[in-house]
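**Student:** My questions will all concern the structure given below.
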Amino acid sequence: MYKEVSKGCAAPGCWALLDSSGEVRQSRTPGPRCPSAVRGCGWTCRPRARAPGCPQPRARLPAYGIAACSELEGTHEDHHQPLCPCTASTPTMEPPPEVKRNSFSSMNFEAEILTTPHDNSELYMIPSMRSLTAEEYVEAFKSFLDHSTEHQCMDEFNKEQMPNIVAGVGTGKSTISVLGVGSGTGEQDLKMIRILQAVHPGVFIDNEIVEPNPQHVAAYKELVNQAPDLQNVSFIWHQLTSLEYEQQVKEKGTHKKFDFIHMIQMLYRVEDIPNTIKFFHSCLDHHGKLLIIILSDSSGWASLWKKYRDCLPATDSGHYITSSGITEVLQKLGVEHRVYEFPSGWDITECFIEGDALGGRMMDFLTGTKNFLGTAPPALRRRLQEALCQPECSSTRDGRVIFSNNLSMIVVES
Numbered sequence: 295m296y297k298e299v300s301k302g303c304a305a306p307g308c309w310a311l312l313d314s315s316g317e318v319r320q321s322r323t324p325g326p327r328c329p330s331a332v333r334g335c336g337w338t339c340r341p342r343a344r345a346p347g348c349p350q351p352r353a354r355l356p357a358y359g360i361a362a363c364s365e366l367e368g369t370h371e372d373h374h375q376p377l378c379p380c381t382a383s384t385p386t387m388e389p390p391p392e393v394k395r396n397s398f399s400s401m402n403f404e405a406e407i408l409t410t411p412h413d414n415s416e417l418y419m420i421p422s423m424r425s426l427t428a429e430e431y432v433e434a435f436k437s438f439l440d441h442s443t444e445h446q447c448m449d450e451f452n453k454e455q456m457p458n459i460v461a462g463v464g465t466g467k468s469t470i471s472v473l474g475v476g477s478g479t480g481e482q483d484l485k486m487i488r489i490l491q492a493v494h495p496g497v498f499i500d501n502e503i504v505e506p507n508p509q510h511v512a513a514y515k516e517l518v519n520q521a522p523d524l525q526n527v528s529f530i531w532h533q534l535t536s537l538e539y540e541q542q543v544k545e546k547g548t549h550k551k552f553d554f555i556h557m558i559q560m561l562y563r564v565e566d567i568p569n570t571i572k573f574f575h576s577c578l579d580h581h582g583k584l585l586i587i588i589l590s591d592s593s594g595w596a597s598l599w600k601k602y603r604d605c606l607p608a609t610d611s612g613h614y615i616t617s618s619g620i621t622e623v624l625q626k627l628g629v630e631h632r633v634y635e636f637p638s639g640w641d642i643t644e645c646f647i648e649g650d651a652l653g654g655r656m657m658d659f660l661t662g663t664k665n666f667l668g669t670a671p672p673a674l675r676r677r678l679q680e681a682l683c684q685p686e687c688s689s690t691r692d693g694r695v696i697f698s699n700n701l702s703m704i705v706v707e708s
């Protein structure tokens, strides 16, 4: 149970965590800038004899997250007070708000993970677990791309379907306008541009890119500089999130139309998926097409998120969404669309090798957590690794564990 301690630990709003016997396990304090964010009290109480007649043992608060206490008003000595469960005033408080799993907007949010302690007394937080920063995400994502067939899967789609898809866009125009949303480092963008050039020879291509990650933008620009076959293509980069771009467009009051818009593996991280799709669909010109690439319902990700979500920490890894969630949005919008399914795999064998650096980066990407294998409780780590081995998530080929990364390519008409 949580009780506010107004005596003993004199810091205002300090919470104590008591087990069924009344012994203090932890104290926590809500930060003044975010009252709902319950953080650990970082100061240890001096031991002191309990009050006369007190049946409870002396309690020491764990030294747990000193930064949280630095936010409090008052001196450090405020926390060096005796704490006795019998003499402290302990009016019952409302429980702290439940951590929501999928509503984080920033890749730099330091998540506080809730899990069950070994003695089943109460939930406790693990402040050492946090989500990936933008730079750490780039490194983890590279480990995924290097050991998956995601880009090969997209290449098959480009070869088999893309020429027919883009044949009707920009008909009769001297310039075809393209918008890439969440384009990353640009490899897939340039492949699609070359298909447009082949299908519409001699046409100028006006290509705009929305990408918030500065490292990805820099890599994209370098890729363009090294490409000799893009003379009839212009590039404009917007180092913005999709929401920031939308807000900028609305503030300027200019609504540029595009013949082809693509959103490749990026809808997991937007705050409002239906409105994001609705906005970018409204950016299509007549006969324009919107391409959304998202994980398939047949992928291991879908099974993992549906059946083993409790194994995943509550970081900002984003929305757990697959193709059916996108098609539901499109159906509600009443727009015509087609879905193409393509198989893809990800070799995650190293995730099960103790101390393997590559496996560690893969688990970081899979969970959205920095150093997951090193900071997650053993039980949480074990449950997730067991889940990854289930047949609905992975298969075994030549002794390697291949995680299903099947993709859905959704083509939306204007």
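Our numbering applies: residue 295 is where the sequence shown begins, and numbers increase by one. Here a beta-carbon is modelled for each residue, glycine too, at the ideal position from N, C-alpha and C. Keep in mind the model is a prediction, meaning the values are calculated, not measured.
1. Less than 8 Å between the CB atoms is what I'm expecting for F552 and L473, so what's the real figure, rounded?
2. Less than 6 Å between C-beta atoms, sequence neighbours within five positions excluded: which residues of the same chain meet that for T632?
3. How should T548 be labelled, buried or exposed, when 16 other C-beta atoms within 10 angstroms of its C-beta is the threshold for buried?
4. Is it true that the CB of T570 sits closer than 8 Å to the CB of L561?
5. Does L589 come out as helix, strand or coil in the three-state DSSP assignment?
6. How many Å lie between M456 and M486 at the Cα?
7. What residues match up with S688 in a beta bridge as DSSP calls it?
8. Starting from L584, follow its DSSP beta bridges and name the residues at the other end.
9. Going by DSSP, what residues sit across from E622 in a beta bridge?
10. Grouping DSSP H, G and I as helix and E and B as strand, with all else coil, what is S277?
11. State the start and end residues of the unbroken alpha helix (DSSP H) segment that holds I470.
12. Report the residue from P506, G582, I558 whose alpha carbon sits nearest the alpha carbon of K467.
13. Suppose contacts are defined by Cβ-Cβ distances below 8 Å. Is G476 in contact with I470 by that definition?
14. D658 bridges to which residues according to DSSP?
15. Determine which residues share a DSSP beta bridge with F498 and list them.
16. Have a look at the DSSP bridge pairing and note the partners of L578.
17. Since I believe E502 is in contact with H445 (beta carbons under 8 Å), could you give me their beta-carbon distance rounded to a whole number of angstroms?
18. Got a sec, what are the start and stop residues for the beta strand (DSSP E) H441 sits in?
19. Nearest-angstrom Cα distance between D658 and L598?
20. Within a Cβ cutoff of 6 Å, which residues of the same chain sit near F438, ignoring the five residues on either side of it in sequence?
21. Give the secondary structure of I647 by DSSP, where H, G and I count as helix, E and B as strand, and everything else as coil.
22. Can you tell me whether DSSP reads R632 as helix, strand or coil?
23. Can the beta-carbon of F498 be found less than 8 Å from the beta-carbon of N526?
24. Assuming S702 contacts S617 (C-beta within less than 8 Å), just tell me the rounded distance between them.
25. Contact check, I642 vs F697 under 8 Å by CB: the rounded distance?
26. Compare the Cα-Cα distances from G478 to each of N507, Y634, F573 and report the closest residue.
**Tutor:** Well, looking at it:
1. Translated into positions along the sequence shown, residue 552 becomes position 258. Translated into positions along the sequence shown, residue 473 becomes position 179. Contact flag correct, Cβ pair sits at about 4 Å.
2. In the sequence shown, residue 632 corresponds to position 338, counting from 1. A small fix is needed here, since residue 632 is Arg in this sequence, not Thr. Cβ neighbours of R632 within its own chain (closer than 6 Å, five residues either side excluded): V705.
3. One-based indexing of the sequence shown puts residue 548 at position 254. A residue is called buried when at least 16 other Cβ atoms come within 10 angstroms of its Cβ; T548 does not meet this threshold and is exposed.
4. On the sequence shown, position 267 is the one that residue 561 refers to. On the sequence shown, position 276 is the one that residue 570 refers to. Less than 8 Å divides the Cβ of L561 from the Cβ of T570.
5. As a working note, residue 589 is residue 295 in the sequence shown. Three-state DSSP puts L589 in a strand.
6. For the purposes of this step, residue 456 is taken as the residue at position 162 of the sequence shown. For the purposes of this step, residue 486 is taken as the residue at position 192 of the sequence shown. Between the alpha carbons of M456 and M486 lies a gap of roughly 8 Å.
7. Your numbering for residue 688 matches position 394 in the sequence shown. Note: S688 sits in a beta bridge opposite F697.
8. Taking the sequence shown and counting its residues from 1, one reaches residue 584 at position 290. I555, V706.
9. Within the sequence shown, residue 622 is the residue found at index 328, counting from 1. Secondary-structure assignment with DSSP links E622 through no beta bridge to anything.
10. Nothing can be reported for residue 277: it is not among the residues displayed for the chain, which extend from 295 to 708.
11. Taking the first residue of the sequence shown as 1, we reach residue 470 at position 176. Boundaries for I470: no alpha helix (DSSP H) harbours it, while the beta strand (DSSP E) harbouring it runs 469-475, taken from the DSSP string.
12. Your numbering for residue 467 matches position 173 in the sequence shown. The shortest C-alpha separation from K467 is found at G582.
13. Locating residue 476 in the sequence shown gives position 182, counting from the first residue. Locating residue 470 in the sequence shown gives position 176, counting from the first residue. Their beta carbons are not under 8 Å apart, which means G476 does not touch I470 by this criterion.
14. Taking the first residue of the sequence shown as position 1, residue 658 is located at position 364. According to DSSP, which records beta bridges pairwise, D658 is partnered with nothing at all.
15. Numbered from 1 along the sequence shown, position 204 holds the residue referred to as residue 498. DSSP, once it has assigned bridges, lists T469 as partnering F498.
16. Residue numbering aside, residue 578 sits at position 284 when the sequence shown is read from its first letter. Secondary-structure assignment with DSSP links L578 through a beta bridge to F552.
17. The sequence position of residue 445 within the sequence shown is 151, counting from 1. The sequence position of residue 502 within the sequence shown is 208, counting from 1. In fact, because the Cβ distance is near 22 Å, the residues do not count as touching under 8 Å.
18. On the sequence shown, position 147 is the one that residue 441 refers to. Segment: none, H441 is in no beta strand (DSSP E) and carries neither H nor E.
19. In the sequence shown, counting from the first residue as 1, residue 658 sits at position 364. In the sequence shown, counting from the first residue as 1, residue 598 sits at position 304. If I take the Cα positions, the gap works out to 15 Å.
20. For this step, residue 438 is matched to residue 144 along the sequence shown. Listed in chain order, the non-local C-beta contacts of F438 below 6 Å within the same chain comprise F659, local neighbours out to five positions each way being set aside.
21. Along the sequence shown, one-based indexing puts residue 647 at 353. Residue state, collapsed to three classes: coil.
22. Start at 1 with the first residue of the sequence shown, and residue 632 comes out as number 338. Of the three classes helix, strand and coil, the one that applies to R632 here is strand, per DSSP.
23. Reading the sequence shown from its first residue, position 204 is the one you call residue 498. Reading the sequence shown from its first residue, position 232 is the one you call residue 526. In this structure, F498 places its C-beta atom within 8 Å of the C-beta atom of N526.
24. One-based indexing of the sequence shown puts residue 702 at position 408. One-based indexing of the sequence shown puts residue 617 at position 323. In this structure S702 touches S617 by the C-beta definition: roughly 4 Å separates them, less than 8 Å.
25. As a first step, residue 642 is located in the sequence shown; it is residue number 348 there, counting from the start. As a first step, residue 697 is located in the sequence shown; it is residue number 403 there, counting from the start. Here I642 really is in contact with F697; their C-beta atoms are around 5 Å apart, less than 8 Å.
26. In the sequence shown, the residue the question calls residue 478 occupies position 184. In terms of Cα proximity to G478, the closest of N507, Y634, F573 is N507.
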